[in-house]
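From first to last, the protein sequence lines stand for chains A and B.
Add 52 to the 1-based position in the first sequence for our numbering, that's all there is to it.
Add 52 to the 1-based position in the second sequence for our numbering, that's all there is to it.
Here a beta-carbon is modelled for each residue, glycine too, at the ideal position from N, C-alpha and C.
The structure under discussion appears below in the form of structure tokens.
There are 2 protein chains.
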Amino acid sequence: MIIVTGSATARPGHFDEMLAASLEHVHRSRLEPGCVSHAVYRDVEHPLRVVFFEQWADRDALQAHFEVAESLAFVEALGPLTSEPPTMEIHTVADRGSDASPSAG
Amino acid sequence: MIIVTGSATARPGHFDEMLAASLEHVHRSRLEPGCVSHAVYRDVEHPLRVVFFEQWADRDALQAHFEVAESLAFVEALGPLTSEPPTMEIHTVADRGSDASPSAG
């Protein structure tokens, strides 16, 4: 599995528009083949910032996602709404296990 | 590296208290050995829910984190504030690379 994390920071006054575009992207992406999860969250420590957390079945699914026209359009739409370039990191998961430890982390 | 994700959903009327406890846990955890990152975010689609995203250098660092008294106290504190048991998933990362793809995901 692949975990993708990303972030985007809105220019002041453009947060709502950035969030609406992000949610549209999230909802569309969830329907793509190989999308395990896709969500956007608000950084409680940086109110103009959102982070993305995505899980994809494999590299091929992620690559196909990158090539979807609406994905590219979303990135272009972010440009004028954000104060800095969005970030993205791709993590390949070796194994995964839920844990019964008493800590939530 | 290890990626830990988690979530907690507040009982109505207890969100602010849950968030304050979560932020205290995040700030304390960031100072622990082997903590690469630790953050809490608000789920924009479920306003009573927060998610945690953490990166730890290795399993030993994560295990030590689980055994910190304050980590256990945090989990206990969540109990009466949340409407369902918190979740946690542990992902071992095989490799990691930032990506210059034009998509933010």
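Contact test: residue i Cβ vs the ligand GTP heavy atom, cutoff 6 Å
i: Val120(B); result: Absence of the ligand GTP is noted for the structure shown, with no ligands found whatsoever.
Cβ neighbour criterion (16 or more within 10 Å) applied to residue i
i: Pro137(A); result: exposed
i: His77(B); result: buried
i: Arg101(B); result: buried
i: Phe59(A); result: Before going further, note that residue 59(A) is Ser rather than Phe in the sequence given. Result: buried.
i: His79(A); result: exposed
Neighbour flag for residue i against chain A, beta carbons, 7 Å
i: Val96(B); result: yes
i: His143(B); result: yes
Cβ of residue i within 7 Å of any chain B Cβ
i: Ala146(A); result: yes
i: Val88(A); result: no
i: Glu76(A); result: no
Backbone CA spacing between residue i and residue j [nearest angstrom]
i: Leu71(A); j: Ala129(B); result: 31 Å
i: Ala62(A); j: Glu84(A); result: 26 Å
i: Ala125(A); j: His143(A); result: 24 Å
i: Asp110(A); j: Ile55(A); result: 9 Å
i: Gln115(B); j: Asp68(B); result: 29 Å
i: Phe105(B); j: Arg82(B); result: 12 Å
Original post:
Does the segment 94 to 109 of chain A come within contact of the segment 80 to 97 of chain B, defined as at least 3 CB pairs closer than 8 Å?
Top reply: yes
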